[in-house]
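Number of protein chains: 2
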Amino acid sequence: MVKIVAISLSDIAERAGVSVKTVSGALHGGSARMSDDTRLKIKSIAEELGYVTNLAARGVRQGWLPLVGVVSDGLITSPFATEIVRGLDGAARNAGMAVFAVNHSSGQEIGAVLDEVRQFRPRAVAYAAMYHKEVAVPQKLVGAVGVMINCREAEGRITSLVPDEQGGAREIVRYLLAAGRRRIAFINLPGIMAGVLREKGFHAALTEAGVAPLGVYPAVRRSVYSDRAPSLVASHVEALLHSGDRPDAILCGNDRVAMEVYAALARAGLCIPDDIAVASFDNQVELASRLDPPLTTMALPHRAMGRLAMEILLAGELQEPHLRTLPFHLVERASV
Amino acid sequence: MVKIVAISLSDIAERAGVSVKTVSGALHGGSARMSDDTRLKIKSIAEELGYVTNLAARGVRQGWLPLVGVVSDGLITSPFATEIVRGLDGAARNAGMAVFAVNHSSGQEIGAVLDEVRQFRPRAVAYAAMYHKEVAVPQKLVGAVGVMINCREAEGRITSLVPDEQGGAREIVRYLLAAGRRRIAFINLPGIMAGVLREKGFHAALTEAGVAPLGVYPAVRRSVYSDRAPSLVASHVEALLHSGDRPDAILCGNDRVAMEVYAALARAGLCIPDDIAVASFDNQVELASRLDPPLTTMALPHRAMGRLAMEILLAGELQEPHLRTLPFHLVERASV
DNA sequence: CTGAAAGCGCTTACAG
DNA sequence: CTGAAAGCGCTTACAG
């Protein structure tokens with residue numbers, strides 16, 4: 001590593017023959033009055049010397065760094081988690097803030113990771129989960145977290161932003177019904193909050209249409225959905241196809257489940273969507289758009305949650321903690 | 001947002017009836033000598049008051065914050081990019097550093113995003129690319145970047161860590177040959193560095209075995225691979241199957257291409273691996289392990305690049321800039 | 001062994 | 001309109 005000797009305001013002041021305050025005003029204080037001459041001279045010296053603002057120094061003065069801390073439950077690994085960050089980042093940038101993401105590794109106390117972030121004196125801190133869940137935040141840390149993203153604080157003491165799982169499920173089922181489908185099966189993600197809520201929406205939409213559900217099946221053998229758990233998808237599809245009441249639509253818990261359904265239907269020689277429609281949740285673009293036919297799926301409001309979270313964090317005004325559900329949106333492709 | 005009044009060392013010093021220096025020594029200076037009594041008393045007061053170290057203040061004193069900046073070419077979106085961060089993060093943590101990732105948005109000058117990071121006075125800065133490419137770093141910024149990850153600085157003035165594309169391709173082809181395959185086609189990612197280098201490795205391995213290649217085909221219509229470009233995979237597979245010289249193995253540029261090959265082979269009623277073996281690059285786990293049969297694929301050395309990058313950054317000793325290629329590793333599943 | 005002081009690089013009242 | 005000084009919260013020589 002090449003050692004970089006940092007230039008400071010006083011270096012510039014010396015070269016320009018003015019005080020440090022004047023340099024500070026010229027470079028950062030938009031409103032500071034001085035002759036255009038001085039300002040331009042200072043700016044050009046700064047440029048020439050390669051001056052880079054020292055935010056640590058500014059931060060110690062202001063009490064905070066222009067950072068918004070995001071502690072995320074597991075590394076920002078999934079494509080949709082990235083959307084959360086994208087939403088946060090866009091809004092942060094507009095406010096001159098940077099996003100500082102820190103991983104909450106499993107086994108680590110939430111207090112420990114929060115302190116890690118707080119050492120850097122961020123302007124605000126959010127907690128983001130990789131999938132919709134409940135998170136317990138100890139009482140003494142409640143004040144340290146401004147907003148929960150994709151999860152809900154267990155006691156409702158922190159404003160929480162989550163996808164409207166019930167509404168999303170209702171919408172996709174209505175869409176299937178509108179397409180003329182009546183025998184709809186649901187291969188759901190078991191044991192997680194999203195699954196439970198979507199199942200409610202699934203039944204609600206069918207009930208309001210006076211249609212009987214064909215059944216809800218768990219995608220994996222474990223009681224909590226995970227990519228590693230042995231898949232039951234193929235066997236469910238086969239059982240459904242050989243039952244007396246063959247479905248004309250299969251709703252899937254996510255796009256990867258849909259991928260497995262595609263494979264099982266292909267093996268059975270069935271055509272999507274003519275024989276059976278397939279729809280799902282997630283809109284994992286590279287996957288959904290590459291399937292044949294391209295998959296119709298409900299996109300989660302990740303980016304919207306990120307954007308709204310940042311707005312709440314930076315708004316400054318205290319808000320009553322509340323739970324806010326954000327709508328999915330339908331991405332129509334060709335599988336229905 | 002609840003306003004958090006920050007506790008400082010002097011608050012603790014006052015309560016404990018000692019000087020600030022003593023408090024600093026008790027909390028941070030492992031070696032500072034003082035009576036155990038005092039130390040414990042100070043620690044318990046700090047705990048009680050909820051003291052959190054102010055790294056901005058320490059930073060202004062030391063000249064840097066305990067951060068390693070990572071500017072990444074496009075948001076850390078892909079699962080493998082996450083592996084880079086995981087590698088960086090693990091190594092950083094051991095050294096008491098945090099990773100500060102900043103997005104280099106397209107259209108933005110590299111100098112601008114580097115300055116954004118440098119304002120925070122990181123201990124070191126890395127540049128990471130989402131796919132293997134060449135990156136031009138202006139002369140004046142060469143000293144500001146300690147290491148390039150998954151990309152190479154155009155003029156070789158910065159140590160660069162990249163996957164050994166040729167070696168990886170050679171290895172997977174040798175594996176196919178060892179499995180008795182002789183008519184091997186390659187559906188490659190066109191127009192990108194990885195594709196070019198892998199093609200060399202592909203031919204080298206076949207040549208050394210005295211086997212003629214069946215042909216190299218581009219996965220998409222555009223001259224540079226992208227997920228959005230119209231796919232040619234299905235038509236290539238069909239053409240290959242109807243040619244006189246049907247392949248007994250298809251090597252794919254990535255797991256998503258392999259997914260399309262699977263679909264095309266299923267439509268043709270062919271069985272993997274009995275009729276045709278399929279192998280690819282990436283090891284995108286959720287995809288590769290969910291395909292039927294699970295996909296054999298070459299995993300990229302993302303985590304290793306991240307780990308090594310951090311070691312180089314924190315080593316401190318100047319190194320001659322050099323290009324370092326890291327090996328892929330074979331993930332054997334059931335498609336060969 | 002502990003304290004008082006200086007200093008890191010900024011910004012912000014306070015004087016001139 | 002500009003300068004000199006104080007102060008943010010630390011750490012590090014320097015005295016006692």
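In the order they appear, the protein sequences are chains A and B. For reference, each letter of the first sequence is one residue, going 1 to 336 in UniProt numbering. For reference, each letter of the second sequence is one residue, going 1 to 336 in UniProt numbering. By construction, the Cβ of each residue, glycine as well, lies at the ideal position given by its N, Cα and C atoms.
Query, Result
"Helix, strand or coil: which one does DSSP assign to residue 104(A)?", "strand"
"Quick one: which chain B residues come within Cβ less than 7 Å of residue 260(A)?", "290"
"Assign residue 39(A) to one of three DSSP states: helix, strand, or coil.", "helix"
"Is the beta carbon of residue 298(B) less than 8 Å from the beta carbon of residue 168(B)?", "yes"
"Take residue 3(A) and list the residues in its own chain whose beta-carbon comes closer than 6 Å to its own, dropping the five residues that flank it on each side.", "Residue confidence for residue 3(A) is low, a pLDDT of 42 falling below 50, so the modelled location carries little weight; the figure read from the coordinates is stated next. Same-chain partners within the cutoff: there are none."
"Note down the Cα distance separating residue 159(B) from residue 133(B), rounded to an integer number of angstroms.", "14 Å"
"So what does DSSP say about residue 187(A), is it helix, strand or coil?", "strand"
"For the stretch 47-73 of chain B, which residues have a beta carbon sitting closer than 7 Å to at least one beta carbon of chain A?", "52, 53, 54, 55, 56, 57, 59, 60, 63, 65"
"Just how far apart, CA to CA, sit residue 52(B) and residue 109(A)?", "16 Å"
"In angstroms, rounded to a whole number, what distance separates the CA positions of residue 327(A) and residue 84(B)?", "33 Å"
"For residue 146(B), which of 296(B), 329(B), 314(B) has the nearest alpha-carbon?", "314(B)"
"Any beta carbon from chain A within less than 8 Å of residue 255(B)'s own beta carbon?", "no"
"Considering only residues of the same chain and omitting the five flanking positions on each side of residue 20(B), which have a CB-CB separation below 8 Å?", "9, 10, 13"
"Beta carbons nearer than 8 Å to chain B: which residues of the stretch 88-117 of chain A have them?", "89, 98, 100, 101, 102, 103, 115, 116"
"For a test of the three-state rule: what should DSSP assign to residue 72(A), helix, strand or coil?", "strand"
"Enumerate, from N- to C-terminal direction, the unbroken beta strand (DSSP E) stretches of 3 or more residues contained entirely within the stretch 165-241 of chain A.", "184-188, 216-218"
"Between residue 331(A) and the ligand NAP, is the CB less than 7 Å from at least one heavy atom?", "The ligand content of the structure shown is nil, which means the ligand NAP is not present either."
"Roughly how many whole angstroms lie between the Cα atoms of residue 155(A) and residue 265(B)?", "52 Å"
"Show which residues of chain B have a CB atom less than 9 Å away from the CB atom of residue 275(A).", "Here the premise fails: no neighbours, minimum Cβ distance about 15 Å."
"Verify whether the separation of the beta carbon atoms of residue 218(B) and residue 240(B) is less than 8 Å.", "no"
"For the stretch 123-140 of chain B against the stretch 268-279 of chain B, do three or more pairs of beta-carbon atoms, one drawn from each stretch, fall closer than 8 Å, so that the two count as touching?", "no"
"Using only the alpha-carbon positions, how far apart do residue 142(B) and residue 55(B) sit?", "28 Å"
"Can you tell which of 144(A), 7(A), 50(A), 57(A) has the C-alpha that lies nearest to the C-alpha of residue 71(A)?", "144(A)"
"So which residues on chain B does residue 202(A) lean against when the C-beta distance must stay under 7 Å?", "By Cβ distance, chain B contributes nothing, its closest Cβ being about 23 Å from residue 202(A), past 7 Å."
"Return the chain-ordered list of same chain residues with a C-beta closer than 6 Å to the C-beta of residue 45(A), the five sequence neighbours on each side being excluded.", "12, 15, 16"
"Can you tell me which of 181(A), 329(A), 100(A) puts its alpha carbon nearest to the alpha carbon of residue 246(A)?", "181(A)"
"Shortest alpha-carbon distance to residue 102(A) belongs to which of 202(B), 90(B), 50(B)?", "90(B)"
"Relative to the C-alpha of residue 140(B), which residue among 188(B), 111(B), 43(B), 151(B) is closest?", "111(B)"
"Between residue 227(A) and chain B, is any beta-carbon pair separated by less than 8 Å?", "yes"
"Would you call residue 33(A) buried or exposed, if buried means 16 or more other Cβ atoms sit within 10 Å of its Cβ?", "exposed"
"Assuming residue 254(B) contacts residue 189(B) under a Cβ cut-off of 8 Å, what Cβ separation, rounded to an integer in Å, is found between them?", "7 Å"
"Out of 268(A), 282(A), 122(A), 319(A), state which residue places its alpha-carbon closest to the alpha-carbon of residue 198(A).", "282(A)"
"What are the residues in the stretch 292-318 of chain B lying within 9 Å of chain A by C-beta distance?", "292, 312, 313, 314, 315, 316, 317, 318"
"Do you know how far the Cα of residue 230(A) is from the Cα of residue 183(A)?", "26 Å"
"To the nearest angstrom, how far is the alpha carbon of residue 331(A) from that of residue 296(A)?", "6 Å"
"Can you pull the chain A neighbours of residue 121(B), defined as C-beta to C-beta under 9 Å?", "6, 52, 54, 55, 56, 57"
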